[in-house]
Amino acid sequence: MSEQIKYTEAFDELQNIVAEIEQGEISVDELSEKVKRAAYLIKVCKIKLTTTEEDVNKILRGLDSSTENIS
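Note that this note's numbering has the sequence shown beginning at 4, numbered continuously upward.
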């Protein structure tokens with residue numbers, strides 16, 4: 004699965020899958036595919052969150068170092 008999916012899309016789809024499973028709206032035959040898709044979506048969300056955290060930390064470090072040079 005090499006599709007490009009945005010965090011919010013992945014999260015929304017994941018919530019829908021969880022709701023379907025909780026409400027018993029899917030058959031046993033579909034359950035395996037839903038669980039595989041959910042695992043993929045969790046991975047996508049985790050990677051995007053980690054990447055965003057790293058980007059924010061880089062920006063903050065850059066701000067800290069530029070502030071130090073001003074003093």
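Here a beta-carbon is modelled for each residue, glycine too, at the ideal position from N, C-alpha and C.
Non-local C-beta neighbours of Lys51 in its own chain, meaning closer than 6 Å and more than five positions away in sequence, comprise Tyr10, ordered along the chain.
Taken through DSSP and simplified to helix, strand or coil, Ile29 comes out as coil.
Counting other Cβ atoms within 10 Å of its Cβ, Val31 stays below 16 and is therefore classed as exposed. Put simply, the stretch 47-66 does not touch the stretch 20-29. Fewer than three CB pairs are less than 8 Å apart. The beta carbon of Cys48 lies closer than 8 Å to those of Tyr10, Ala13, Phe14, Leu17 in the same chain, with the five residues before and after it left out.
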